[in-house]
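Trainee: Each residue of the sequence shown is one higher than the last, beginning at 614 in the numbering used here.
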Amino acid sequence: MIAASPFDQYLERIAGGEDLEPGVIEALAASADILPAGMLADALKRRLHGAAVTFLRVAACPFERSFADAVPPAAGEVRITGAPETLDIAAAAVGSARAVAGARTVAGFSWADVERFAGESGRPAAVLARLKDAGLDALAEVPLDSVADRATMLEQLRKVGPPVTVVAGNCDSEADWPLVADLERNGIEVRICKQASPAASETQLV
614 MIAASPFDQY LERIAGGEDL EPGVIEALAA SADILPAGML ADALKRRLHG
664 AAVTFLRVAA CPFERSFADA VPPAAGEVRI TGAPETLDIA AAAVGSARAV
714 AGARTVAGFS WADVERFAGE SGRPAAVLAR LKDAGLDALA EVPLDSVADR
764 ATMLEQLRKV GPPVTVVAGN CDSEADWPLV ADLERNGIEV RICKQASPAA
814 SETQLV
């Protein structure tokens, strides 16, 4: 009888509803052979969400511009772009976007912005809470492959919010990458966004 390979064992565990240990995930992410990691994480994604794909119209607007002029009625999400100098400016932009968006999603900023706003206080939780209270539904960019302290980021996003994280613009912008699975395993709702055209359309993989 041929013993099952570690990959087959991992796949069987995921299919059975188990999670892989952090050490296993880190080893998969660090390997030059990305195929096993992709196949395993795809199995996890399909177990959690199936193969559903939703197309979402996103209206992007710089934080210093008029959201009323930039957001068409058909948009399902208002995306704040740019990098405000201060948290006060960022929160004001969120409030303006929320006033126009109504019940639609308001997303904006990156984890790097959160850390920058936190400054010397080192309190990203306070920044997240301020943005969330102003009406932010989602961080627009979380570059998982370049965050130095991913454990802290996961903890703050899980405890404080906003409840949705959009992973875009980095090598982990695929639903079948291990670090995306990290977010989902920590109770954070994840959307993987792809720019479909120069217009305001993005593909949201759920």
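From the three backbone atoms N, C-alpha and C, an ideal C-beta is built for every residue, glycine too. Being a predicted model, the structure only gives us computed values, none of them experimental.
1) Mapping the DSSP letters down to three states, classify residue 732 as helix, strand or coil.
2) Are residue 681 and residue 713 closer than 8 Å when you measure CB to CB?
3) Could you tell me the alpha carbon to alpha carbon distance between residue 683 and residue 676, rounded to whole angstroms?
4) In this structure, how does DSSP classify residue 685 when only helix, strand and coil are distinguished?
5) What are the boundary residues of the alpha helix (DSSP H) that includes residue 765?
6) Just tell me which of 691, 742 and 673 has its CA closest to the CA of residue 701.
7) Expressed to the nearest angstrom, what Euclidean distance is found between the alpha-carbon atoms of residue 721 and residue 678?
8) Helix, strand or coil for residue 629? Go by DSSP, reduced to three states.
9) Using the C-alpha atoms, what's the distance from residue 747 back to residue 618?
10) With distances taken from CA atoms, which of 664, 687 and 660 is nearest residue 670?
11) Just to confirm before moving on: does the CB-CB distance between residue 718 and residue 689 stay below 8 Å?
12) In the DSSP output, which residue or residues are listed as bridge partners for residue 870?
13) Measuring only the C-alpha atoms, how far is residue 633 from residue 685?
14) Could you give the DSSP three-state label for residue 697: helix, strand or coil?
15) Measuring alpha carbon to alpha carbon, tell me which of 739, 759 and 754 ends up nearest residue 772.
16) The alpha helix (DSSP H) spanning residue 743 covers which residue range?
17) Would you check if the distance between the CB atom of residue 692 and the CB atom of residue 673 is smaller than 8 Å?
Mentor: Working from what's here:
1) Mapped onto the sequence shown, residue 732 falls at position 119. Reduced to three states, the DSSP call for residue 732 is helix.
2) Sequence index remark: in the sequence shown, residue 681 carries index 68 (1-based). Sequence index remark: in the sequence shown, residue 713 carries index 100 (1-based). Result yes, Cβ atoms of residue 681 and residue 713 sit closer than 8 Å.
3) Position 70 of the sequence shown holds residue 683. Position 63 of the sequence shown holds residue 676. If you draw a straight line from the Cα of residue 683 to the Cα of residue 676, it comes to about 11 Å.
4) Walking along the sequence shown from the start, residue 685 turns up at place 72. In this structure, residue 685 counts as coil in the three-state DSSP scheme.
5) As a working note, residue 765 is residue 152 in the sequence shown. Per DSSP, residue 765 belongs to the alpha helix (DSSP H) from 763-772.
6) Here the question's residue 701 lines up with position 88 in the sequence shown. For residue 701, the closest C-alpha among the options 691, 742 and 673 is that of 742.
7) For the purposes of this step, residue 721 is identified with residue 108 of the sequence shown, where counting begins at 1. For the purposes of this step, residue 678 is identified with residue 65 of the sequence shown, where counting begins at 1. Going from the Cα of residue 721 to the Cα of residue 678 covers about 14 Å.
8) Looking up residue 629 in the sequence shown gives position 16. In this structure, residue 629 counts as coil in the three-state DSSP scheme.
9) By 1-based counting over the sequence shown, the position of residue 618 is 5. By 1-based counting over the sequence shown, the position of residue 747 is 134. Computed Cα separation, rounded: 50 Å.
10) Indexing the sequence shown from 1 puts residue 670 at position 57. The shortest C-alpha separation from residue 670 is found at 687.
11) For the purposes of this step, residue 718 is identified with residue 105 of the sequence shown, where counting begins at 1. For the purposes of this step, residue 689 is identified with residue 76 of the sequence shown, where counting begins at 1. Cβ distance < 8 Å, so residue 718 and residue 689 count as in contact.
12) Outside the modelled stretch of the chain, which goes from 614 to 819, sits residue 870, for which no answer is possible.
13) Here residue 633 corresponds to residue number 20 of the sequence shown, with the count starting at 1. Here residue 685 corresponds to residue number 72 of the sequence shown, with the count starting at 1. In a straight line, the C-alpha of residue 633 is about 43 Å away from that of residue 685.
14) Your numbering for residue 697 matches position 84 in the sequence shown. Coil at residue 697, not helix or strand.
15) Walking along the sequence shown from the start, residue 772 turns up at place 159. Considering only alpha carbons, the answer is 739.
16) Translated into the one-based positions of the sequence shown, residue 743 becomes position 130. For residue 743, the enclosing alpha helix (DSSP H) starts and ends at 737-747.
17) Taking the first residue of the sequence shown as position 1, residue 692 is located at position 79. Taking the first residue of the sequence shown as position 1, residue 673 is located at position 60. Yes.
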